[in-house]
Amino acid sequence: MLGKDVTAQSDLIWYNIQEILGSASMETTDIVKVTAYLLDPADVGAYGAVKTRLLGEHRPASTLIYVSALAAPEVRVEVEVVAARAD
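The sequence shown begins at 612 in my numbering and counts up by one.
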């Protein structure tokens, strides 16, 4: 279920990212690029706190974009990541 605020939505997004990475035998440390889309600049702190908590010391390249709308009216944040691993 999609949460109502950016913190809840960010938690769900990053949980899903971890699950997807795990299914490919990867971890968050394999993320090389993050692009986040937020509706409201006031939400950057809440989003950033979740991202920092889950990525720890890992600092992939990041882009944050403010947009006027996302896929559905209740969606406040969207995140896409690129992960790579040199074997």
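Every residue, glycine too, gets a C-beta built ideally from N, C-alpha and C.
What distance in whole Å lies between the Cβ atoms of residue j and residue i, which are believed to be in contact at a cut-off of 8 Å?
i, j, result
"Tyr658", "Ser634", "With a Cβ gap of about 24 Å, Tyr658 and Ser634 do not count as contacting."
"Thr618", "Val661", "6 Å"
"Val690", "Ala653", "With a Cβ gap of about 18 Å, Val690 and Ala653 do not count as contacting."
"Leu675", "Val655", "7 Å"
Just mark residue i as buried or exposed, buried being the case when its beta carbon has 16 or more other beta carbons within 10 Å.
i, result
"Val643", "exposed"
"Ile624", "buried"
"Leu649", "buried"
"Val688", "buried"
Please go through the same chain and pick out, in chain order, the residues whose beta-carbon is closer than 7 Å to the beta-carbon of residue i, but skip the five residues on each side of it.
i, result
"Pro671", "Ile642, Val643, Lys644 and Val645"
"Glu638", "Leu632"
"Ser679", "none"
"Ala695", "Asp641 and Val643"
Considering only the alpha carbon of each residue, which of the options lies closest to residue i?
i, options, result
"Gly667", "Ala695, Thr640, Ala680 and Asp698", "Thr640"
"Asp651", "Ser636, Arg664, Thr663 and Leu681", "Leu681"
"Gln629", "Leu665, Asp616 and Met612", "Leu665"
For residue i, which residues of its own chain have a beta-carbon under 8 Å away from its beta-carbon, when the five flanking residues on both sides are left out?
i, result
"Gly614", "Gln620, Asp622 and Leu623"
In chain order, what are the residue ranges of uninterrupted beta strand (DSSP E) at least 3 long that sit wholly in the segment 620 to 672? The beta strand (DSSP E) runs of length 3 or more contained entirely in the segment 620 to 672 are, from start to end of the chain, 642 to 649.
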